[in-house]
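2 protein chains.
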Amino acid sequence: MTELANDRLLRALLRQPVDRTPIWMMRQAGRYLPEYRATRQHAGSFLDLCKNAELACEVTMQPLRRYPMDAAILFSDILTVPDAMGLGLYFEEGEGPRFRKTVRSEADLQGLIDIKSDDHLGYVMNAVRTIRHELNGSVPLIGFSGSPWTLATYMVEGGSSKDFARVKAMAYDKPELMHQLLGLLADAVADYLAAQVRAGAQALQIFDTWGGSLSAAAYQEFSLQYMQRIVAALPEEADGRTVPVIVFTKGGGQWLETIADCGAHAVGLDWTTDIGAARSRVGDRVALQGNMDPAMLYATPQRIREEVATILQGYGNGTGHVFNLGHGITPGVNPDNVTAFVDAVHELSPQYHQ
Amino acid sequence: MTELANDRLLRALLRQPVDRTPIWMMRQAGRYLPEYRATRQHAGSFLDLCKNAELACEVTMQPLRRYPMDAAILFSDILTVPDAMGLGLYFEEGEGPRFRKTVRSEADLQGLIDIKSDDHLGYVMNAVRTIRHELNGSVPLIGFSGSPWTLATYMVEGGSSKDFARVKAMAYDKPELMHQLLGLLADAVADYLAAQVRAGAQALQIFDTWGGSLSAAAYQEFSLQYMQRIVAALPEEADGRTVPVIVFTKGGGQWLETIADCGAHAVGLDWTTDIGAARSRVGDRVALQGNMDPAMLYATPQRIREEVATILQGYGNGTGHVFNLGHGITPGVNPDNVTAFVDAVHELSPQYHQ
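Line order of the protein sequences matches chains X and E. Following numbering that gives the first Met the number 0, the numbering of the first sequence begins with 0 at its first residue and continues without gaps. Following numbering that gives the first Met the number 0, the numbering of the second sequence begins with 0 at its first residue and continues without gaps.
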């Protein structure tokens, strides 16, 4: 393995000193980039793109050619695990993900394929290896998965949902069945993330996109508990270096203190949480990642720069901050505004690390 | 005016002693009721229903005939004010509200009709008077409006939005224009709510459905500030009784302390906030309204009852709590489950008011 030329991300996630605040963007390999749209068109479906290691590598590298990001993130989907379990993931254009089969009963649950990630999700591991080779030690590669609760919402509802009526009815009325499903998913996700680390991932993020749809008590019971179980099961090191884990619950700002205790090295913040207040609340237990409103990228470069300055000042002096958006970048953003965003973090953050 | 037979809601909102916790439901006159669907079909469009005082009164009364609710809420839409300003509100079946015209420039803003609610929204005042007469002093009538920020999101975007790209770009890049629009809306909403009080509304709720899409700082600047201005401008009394005002920001759980200082008598909570923790945070400054997950109504009556018990216990002893859902009831709910919900509040709450 080559040495890592830029290890700011790994150091900041472990709260070790850095020269400036590292930055990457959720969904940085995505539709706002014309070169992504071209590759995507060439590949066929979104899933075809995920399953082709060369093309997945290509789109992973695209944002790094434009912007001096401090990390690459595996190009894949959060729903690969339930797809491998036999649910049949597909995407309707403009509709979001759908499953051909759903999980709503004990029998449905028994019908799920017992997966081993190295075998059933080999295409993801191929992509990780290909990207890691292509990165050639420039920046670290982040692997990821959806959280058990987030995966369960799609598996029970059969796709995206507005009110989560089915999955919540299951959680409220058949908690044993729900816990059985979540336990099974937690084990599968832990295996999946460990396989990504063996294949070359150097940091991990668990995307809990729908944890914020739950009440405080239900979040603890149905989402956080299982992320905790995953974090505890993950390998702590790879190549003699700690593999930091980031837990990101969209809408989880009210529960920061408990999230910070789940064992992860870092907590991702969406843009609704004031990052200075968040730092006071979690103290030195975890690093924080975030948290500019992705819609700020529709503003002018000057306004974007001001917002970066405000967030950097909000976090304050010292390490433990990874700059990011508070959620994924959206397709309509002008790529030049991302330049302004990344440049601002580069230029304005060193003063906080002296 | 007749005496009010049941004034629990008004008393609890003012933190005066009550014999049990009052309850009403957001969207209690709605599609989950077969009799609502029948009236709606008869009326024509959703807006036709809002504009017909007799039919608006009929659907307002329907839930009260089924359930011993402690309040009626005016049947109307949150977007009546921008519609009256000339934007042309309409509803695409299954699509949510749309406007024929949008507000994206100084010229668009100048083109808005300068409305007086008694004249331009006379149909709402007719509905208020008709309902108040029909209620005949049984329970109080709640009037309402959308918050300035929430109205602005629809006016700028032209309808519902996933990421609020246009309205946020305007807020971030042209704050003067946005403040001009919000100021104009705040004055119009204050006039609209005051007119509802003159017509007979006995309590008011401001629905800040999209305040939670903002960052902490932007929420304060673009949403809360204008609700504060409205609350300050409202008549304090009608018929010698205080007219309590409830501010409900969906997704505002992180900002409870500042919301509690906006001058309103009560703060509405969505279901993501623990109501016991919320009470500790706001102390005796305001009453709290909420906050069962609307999706809990998809569970069994027994489970619903358990959740009611948990929330009542979470709030604890004494007045200052109005039971409600954390957001509007959804169309797929079985009306019998609402019976279980309301009965549980009736039966389990008196012990907290001894």
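A virtual CB, placed ideally from N, CA and C, is assigned to each residue, including glycine.
Does the beta carbon of residue i sit closer than 7 Å to a beta carbon anywhere in chain E?
i        : result
X/ALA298 : yes
X/ASP260 : no
X/ALA106 : no
X/ARG302 : yes
X/GLY294 : Note that residue 294 of chain X is Ala in the sequence shown here, rather than Gly. Yes, because at least one Cβ of chain E sits closer than 7 Å to the Cβ of X/ALA294.
Rounded to whole angstroms, what is the Cα-Cα separation between residue i and residue j?
i        : j        : result
E/LYS115 : E/GLY325 : 32 Å
E/ARG165 : E/GLY157 : 10 Å
X/ASP207 : E/ASP260 : 32 Å
X/ALA4   : X/ALA52  : 24 Å
X/LEU134 : X/GLY317 : 28 Å
E/ASP162 : X/SER348 : 28 Å
X/ARG197 : X/ALA237 : 7 Å
X/VAL266 : X/TYR314 : 14 Å
X/LEU54  : X/GLY251 : 34 Å
X/GLU34  : E/LYS100 : 35 Å
X/ILE303 : E/VAL244 : 37 Å
E/GLN350 : E/MET24  : 22 Å
E/LYS249 : X/GLN227 : 28 Å
X/THR329 : X/SER44  : 19 Å
E/LEU203 : E/PRO300 : 30 Å
E/ASP82  : E/LEU8   : 30 Å
X/PRO62  : X/THR79  : 23 Å
E/THR271 : E/ASP6   : 29 Å
X/ASP335 : X/TYR31  : 10 Å
E/MET177 : E/VAL242 : 30 Å
X/ASN125 : X/SER75  : 12 Å
X/TYR357 : X/LEU255 : Residue 357 of chain X lies beyond the residue range present for chain X, which begins at 0 and ends at 353; the question has no answer from this structure.
X/GLY400 : X/GLN40  : With chain X covering only 0 through 353, there is no way to say anything about residue 400 of chain X.
E/ARG64  : E/ALA37  : 16 Å
E/TYR153 : E/PRO139 : 30 Å
E/MET84  : E/LEU120 : 10 Å
X/ASP190 : X/ILE205 : 13 Å
E/ARG240 : E/SER137 : 16 Å
X/ILE112 : X/LEU180 : 12 Å
X/PRO96  : E/GLN109 : 42 Å
X/ARG367 : X/ASP273 : The question about residue 367 of chain X has no answer here: the residues shown for chain X are numbered 0 through 353.
Contact criterion: CB-CB distance below 7 Å. Does residue i meet it with respect to chain X?
i        : result
E/ALA215 : yes
E/ASP273 : yes
E/ASP65  : Looking at the sequence shown, residue 65 of chain E is not Asp but Arg. Output row for E/ARG65: interface = no.
E/THR329 : yes
E/TRP209 : no
Tell me, to the nearest whole angstrom, how far the beta carbon of residue i is from that of residue j; I am working on the premise that it is less than 8 Å.
i        : j        : result
X/ASP283 : E/SER214 : Actually they do not touch by this definition, with Cβ atoms about 24 Å apart.
E/MET68  : E/ILE22  : 6 Å
E/GLY142 : E/ALA200 : 3 Å
X/LEU184 : X/LEU223 : With a Cβ gap of about 14 Å, X/LEU184 and X/LEU223 do not count as contacting.
E/HIS320 : E/PRO16  : Wrong, their Cβ atoms sit about 12 Å apart, outside the cutoff.
X/ASP98  : X/TRP148 : Note on residue identity: the sequence assigns Phe, not Asp, to residue 98 of chain X. X/PHE98 to X/TRP148, Cβ: 16 Å. No contact.
X/VAL337 : X/PHE322 : 12 Å between Cβ atoms; not a contact.
X/THR20  : X/ALA28  : Actually they do not touch by this definition, with Cβ atoms about 21 Å apart.
Using DSSP's beta-bridge definition, name the partner residues of residue i.
i        : result
E/GLY142 : E/LEU203
E/TYR171 : Paired residues: none, contrary to the question.
X/VAL244 : X/LEU203
E/ALA4   : DSSP, once it has assigned bridges, lists no residue as partnering E/ALA4.
X/ILE72  : X/ILE141
X/PHE45  : Paired residues: none, contrary to the question.
X/HIS264 : None, per the DSSP bridge assignment.
X/VAL321 : X/GLN288
E/LEU255 : The partner list for E/LEU255 (beta bridge, DSSP) is empty, contrary to what the question assumes.
E/GLY95  : E/GLU91
X/ALA237 : X/ARG240
Check distances from the C-beta atoms of the stretch 226-258 of chain E to those of chain X and list, in chain order, the residues that come in under 8 Å. The stretch 226-258 of chain E vs chain X, Cβ under 8 Å: GLY250, GLY252 and GLN253.
Closer than 7 Å, Cβ to Cβ, to anything on chain E: give me those residues from the stretch 144-172 of chain X, in chain order. Residues of the stretch 144-172 of chain X with a C-beta less than 7 Å from any C-beta of chain E: ASP162, PHE163, ALA164, LYS167, ALA168, TYR171 and ASP172, listed in chain order.
Anything in the stretch 3-31 of chain E with a Cβ closer than 8 Å to a Cβ of chain X? List those residues in chain order, please. Residues passing the 8 Å Cβ filter: none.
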